[in-house]
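A.B. asks: Quick one: the structure is below, questions incoming.
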Amino acid sequence: MNKAELIFIKIFLALFALNSISLYGYFSSSHPNHHHYHVAVDHRNTTAAEGFPKKILHREPHLSNPPRPIIPSKPWPTIPSYLPWSFSPAVALNSCEAYFGNGFTKISNILPVKAALRSGSSWFRCRYSETLRTSICEGGKIRMDPGKIKMSGGGEKLEDVIGRSEGKELPEFEDGAFVVESRLKRRKLVGYKFLHKILPENVTRHPIRESVRSIVIVGQNDFDCQEWVEEPTLLVTRFEYANLYHTVTDWYSAYMSSRVTGLPNRPHLVFVDGHCKINPEILFEEFMRKTLLFRAQGDVLSYLNGIVRNVRNALLSYNADLLFLAEHFQTQLEETWKALFSSLRFAKNFTGPVCFRHAIFSPLGYETPLFRGLSEEINCRGVSAHDLQQNPDVHKTARVSEFGEMIRAAFGFPINRHHAGKAASGHNVLFVRREDYLAHPRHEGKVESRLTNEQHVFDSLQSWASDHLKCKVNLINGLLAHMPMKEQIRAIQDASVIIGAHGAGLTHIVSATPNTVILEIIGSEFKRPHFRLIAQWKGLEYHAIYLYGSYANPRAVILRLNKIMKSLGC
Numbered sequence: 084m085n086k087a088e089l090i091f092i093k094i095f096l097a098l099f100a101l102n103s104i105s106l107y108g109y110f111s112s113s114h115p116n117h118h119h120y121h122v123a124v125d126h127r128n129t130t131a132a133e134g135f136p137k138k139i140l141h142r143e144p145h146l147s148n149p150p151r152p153i154i155p156s157k158p159w160p161t162i163p164s165y166l167p168w169s170f171s172p173a174v175a176l177n178s179c180e181a182y183f184g185n186g187f188t189k190i191s192n193i194l195p196v197k198a199a200l201r202s203g204s205s206w207f208r209c210r211y212s213e214t215l216r217t218s219i220c221e222g223g224k225i226r227m228d229p230g231k232i233k234m235s236g237g238g239e240k241l242e243d244v245i246g247r248s249e250g251k252e253l254p255e256f257e258d259g260a261f262v263v264e265s266r267l268k269r270r271k272l273v274g275y276k277f278l279h280k281i282l283p284e285n286v287t288r289h290p291i292r293e294s295v296r297s298i299v300i301v302g303q304n305d306f307d308c309q310e311w312v313e314e315p316t317l318l319v320t321r322f323e324y325a326n327l328y329h330t331v332t333d334w335y336s337a338y339m340s341s342r343v344t345g346l347p348n349r350p351h352l353v354f355v356d357g358h359c360k361i362n363p364e365i366l367f368e369e370f371m372r373k374t375l376l377f378r379a380q381g382d383v384l385s386y387l388n389g390i391v392r393n394v395r396n397a398l399l400s401y402n403a404d405l406l407f408l409a410e411h412f413q414t415q416l417e418e419t420w421k422a423l424f425s426s427l428r429f430a431k432n433f434t435g436p437v438c439f440r441h442a443i444f445s446p447l448g449y450e451t452p453l454f455r456g457l458s459e460e461i462n463c464r465g466v467s468a469h470d471l472q473q474n475p476d477v478h479k480t481a482r483v484s485e486f487g488e489m490i491r492a493a494f495g496f497p498i499n500r501h502h503a504g505k506a507a508s509g510h511n512v513l514f515v516r517r518e519d520y521l522a523h524p525r526h527e528g529k530v531e532s533r534l535t536n537e538q539h540v541f542d543s544l545q546s547w548a549s550d551h552l553k554c555k556v557n558l559i560n561g562l563l564a565h566m567p568m569k570e571q572i573r574a575i576q577d578a579s580v581i582i583g584a585h586g587a588g589l590t591h592i593v594s595a596t597p598n599t600v601i602l603e604i605i606g607s608e609f610k611r612p613h614f615r616l617i618a619q620w621k622g623l624e625y626h627a628i629y630l631y632g633s634y635a636n637p638r639a640v641i642l643r644l645n646k647i648m649k650s651l652g653c
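Heads up: the sequence shown at position 193 corresponds to 276 in the numbering used here, and the numbers run straight through without jumps.
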């Protein structure tokens, strides 16, 4: 036995001992919950339209595991563009507020909260938006059984799943995947007529619709849980989970759902999909594979030290915000989910039925205005919240700016920075680079280039910036795919001008500061309005260079940039 193998065995035994001690300490210090009733506080003021009581008494279900301590919730930051999301049935159909704000004006109380107040049973309701043609559904005392949700394994290498259909990655919900407690005699909570009206099937196998369809009703004696989640929780299913644009639509949907339901703090999240890449088996397989491949003692020790830290964090995170076992496996997009909301867990990581004190079914990103605008006209122009308060206009909105400020605040950046502050140290021109990559399996292995001479254009801009005499111009090489998400947001907020070929990276303009100028280079095969619309909805100045094919004349790009810099006083 060589020295490296001896070290490995010693560390493995030490970790096993640490795990045993931790489990013993946890279970020996846990106490059963003796409270028969729990008080759930409503998060918005009672209105006649909603009939929502201040407090709801819930009978505590039987728990097969010790109770989990409550996880602290992050407060909402104070942001300049915030406007109240208060319920109002008078929101005009197809107005900007109906698209981007609280247009969920039709409320269906399937299990009324007043009955829950009297009996301590479950409550459930859906808020429908005629403009977005979808609903935000929420309820109290809801049980989720992961064993009745079929999901793909997750964690596969991208090359192993090329060409896999969307359907194989989406969850399938058996009856009883979600359960409520009620004295009603029917077995299913809702029927297909209700689903067709409140949750129309806007996409094939709509996961939120299927979640609600699966809800069955049981009596008090059959409502058993292995774990109880006290914190308000959003249930989210991601579609295009590796694409920034589509992930931003999911972020907006989760943010919108949180505000519409009046949550006083940022909610906790549970991903109900098969995209999770983390589980102990994968971590252990990776651990063994790398250990056997390494030969040098220093490499073994370095790797094992990293594993020790990760396992230690995993043991400590039993009650922590995130059920990630190793920082290495977090993607940049998951990093932002973590920053925006209070905690993140995966449905597939629960080992048995789990009960939620307050669960919210967040609509798909496809059902947000950010995506709807690609196929239907959303005639809205972005203005400041102050201007909108002074001069209300159904064709103006500050919601997209509010959302962008939420992203910046979530990463700890100042949210009152404007153009004047940027120019003090020169104007940053951020060139968002687009690297050829496979975003997700449905690309079927095909990689397309949006700008064939991107490097040539960038080199030309470097020469232009260094020779610029009237003011200092800092050309920033925006290799965003290689940067942590916080640094990506920093680069966006510090930019006076953002330039790039049409691609998901330009979605970052959603968090750009006011007066930022956008210049998009659009190839002949990619004439799509994604980023023009975001700029319009934020009130940003937008320019486009349309190409014949995918080759850009660097001189034409420089001429357009010169005009933009002159407009900035440079």
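C-beta atoms are modelled at their ideal positions from N, C-alpha and C, and glycine is treated no differently.
Measuring CA to CA, which of L563, Y631, K621, K553 is closest to L651?
C.D. replies: Nearest option by C-alpha distance: K553.
A.B. asks: Could you tell me which residues DSSP pairs with M227 in its beta bridges?
C.D. replies: Bridge partners of M227: F261, V437.
A.B. asks: Which partner residues of K189 appear in the DSSP bridge assignment?
C.D. replies: DSSP output for K189 lists Y211 as bridge partner(s).
A.B. asks: Starting from the Cα of F486, find the closest Cα among S205, S336, I300 and give me that residue.
C.D. replies: The shortest Cα separation from F486 among S205, S336, I300 belongs to S336.
A.B. asks: A635 by DSSP, collapsed to three states: which one?
C.D. replies: A635: coil per DSSP, three-state reduction.
A.B. asks: Curious, which full-length beta strand (DSSP E) runs of at least 3 residues does the segment 590-647 contain?
C.D. replies: As far as the segment 590-647 is concerned, its whole beta strand (DSSP E) runs of at least 3 residues are 600-605, 624-629.
A.B. asks: For N557, write down the residues that DSSP places opposite it in a beta bridge.
C.D. replies: According to DSSP, N557 bridges with N511.
A.B. asks: If you drop the 5 nearest sequence neighbours on each side, which residues of the same chain put their C-beta closer than 6 Å to that of V600?
C.D. replies: Excluding residues within five positions, the ones whose Cβ falls inside 6 Å are V580, E624, I647.
A.B. asks: Return the chain-ordered list of same chain residues with a C-beta closer than 7 Å to the C-beta of Y328, the five sequence neighbours on each side being excluded.
C.D. replies: Taken in chain order, the residues that qualify are A587, T590, H613.
A.B. asks: What residue does the alpha helix (DSSP H) around L423 start on, and which one ends it?
C.D. replies: Unbroken alpha helix (DSSP H) run through L423: 415-423.
A.B. asks: Just to confirm the assignment, what range does the beta strand (DSSP E) spanning V353 have?
C.D. replies: Looking at the DSSP string, the run of the beta strand (DSSP E) that includes V353 is 351-354.
A.B. asks: From K421, I490, V319, pick the residue whose C-alpha is nearest to that of Q571; which is it?
C.D. replies: When each option's Cα is compared against that of Q571, the closest is I490.
A.B. asks: DSSP puts S294 in a beta bridge; with which residues?
C.D. replies: Its beta-bridge partners do not exist; DSSP assigns none.
A.B. asks: Tell me the DSSP secondary structure of G222 in three-state form.
C.D. replies: G222: strand per DSSP, three-state reduction.
A.B. asks: Ordered along the chain, which non-local residues of its own chain (more than five positions away) have a Cβ less than 7 Å from that of R395?
C.D. replies: Confidence at R395 is low in this model, with a pLDDT of 42, below 50, so its placement is unreliable and the value that follows should be read with caution. No residues qualify anywhere along the chain.
A.B. asks: Find out if the Cβ-Cβ distance for the pair L423, W334 is shorter than 8 Å.
C.D. replies: Yes, the pair counts as a contact, with Cβ atoms nearer than the cut-off.
A.B. asks: What first and last residue would you give for the alpha helix (DSSP H) that runs through T332?
C.D. replies: Its alpha helix (DSSP H) spans residues 327-343.
A.B. asks: Assuming contact is defined by CB atoms lying nearer than 8 Å, are D305 and A260 in contact in what I supplied?
C.D. replies: No.
A.B. asks: Skipping 5 residues on each side, what residues in its chain have a beta carbon closer than 8 Å to that of I162?
C.D. replies: Once the five neighbours on either side are set aside, the close Cβ partners of I162 are E485, E488, M489, A492, I498.
A.B. asks: Across which residues does DSSP place K479 in a beta bridge pair?
C.D. replies: In DSSP, K479 forms a bridge with R464.
A.B. asks: Confirm, please, whether the CB-CB distance from V540 to A635 is below 8 Å.
C.D. replies: Yes; because the gap between Cβ atoms is below 8 Å, this pair is in contact.
A.B. asks: For F444, list the residues DSSP reports as bridge partners.
C.D. replies: DSSP lists C220, L318 as partners of F444.
A.B. asks: Report the three-state DSSP secondary structure of N432 (helix, strand or coil).
C.D. replies: N432: helix per DSSP, three-state reduction.
A.B. asks: Check whether the Cβ of F322 lies closer than 8 Å to any Cβ atom in chain C.
C.D. replies: Among the chains of the structure shown, chain C does not appear; only one protein chain is present.
A.B. asks: Per DSSP, G583 forms a beta bridge with which residues?
C.D. replies: In the DSSP output, where bridge partners are listed per residue, G583 has V515, E603.
A.B. asks: Smallest Cα separation from R321: which of R296, V355, Y165, T344?
C.D. replies: That would be V355, whose Cα lies nearest to the Cα of R321.
A.B. asks: Relative to the C-alpha of F277, which residue among Y629, N177, V295, N285 is closest?
C.D. replies: Looking at the Cα atoms, V295 is the closest of the given residues.
A.B. asks: Give me, in chain order, the residues of the same chain whose beta-carbon lies closer than 7 Å to that of V343; leave out the 5 immediate sequence neighbours on both sides.
C.D. replies: Counting only Cβ-Cβ distances below 7 Å, and skipping sequence neighbours, we find W168, N185, F187, R210, I219.
A.B. asks: Identify the continuous beta strand (DSSP E) that holds V301 and give its terminal residues.
C.D. replies: Per DSSP, V301 belongs to the beta strand (DSSP E) from 299-301.
A.B. asks: Quick one: what's I153 bridged to in DSSP?
C.D. replies: Answer by DSSP bridge pairing: none, since I153 is not bridged.
A.B. asks: Can you find the residues in the same chain that come closer than 7 Å, C-beta to C-beta, to S665, ignoring five residues on each side of it along the sequence?
C.D. replies: Because residue 665 is not part of the residues shown, which for the chain are 84 to 653, the question remains open.
A.B. asks: Answer with buried or exposed for T287, where buried requires no fewer than 16 other C-beta atoms within 10 angstroms of its C-beta.
C.D. replies: T287 should be labelled exposed.
A.B. asks: Could you have a look at F277 and say whether DSSP puts it in helix, strand or coil?
C.D. replies: Helix.
A.B. asks: In chain order, what residues of the same chain have a beta carbon less than 7 Å from the beta carbon of P254, not counting five sequence neighbours either side?
C.D. replies: Excluding positions up to five away in sequence, the list reads I232, K233, M234, P290, T320, V355, D356, G357.
A.B. asks: Where H502 and W311 are concerned, what is the direct C-alpha to C-alpha distance, given to the nearest angstrom?
C.D. replies: With a pLDDT of only 49 at H502, under the threshold of 50, the placement of this residue in the model should not be trusted; the figure read from the coordinates follows. Going from the Cα of H502 to the Cα of W311 covers about 48 Å.
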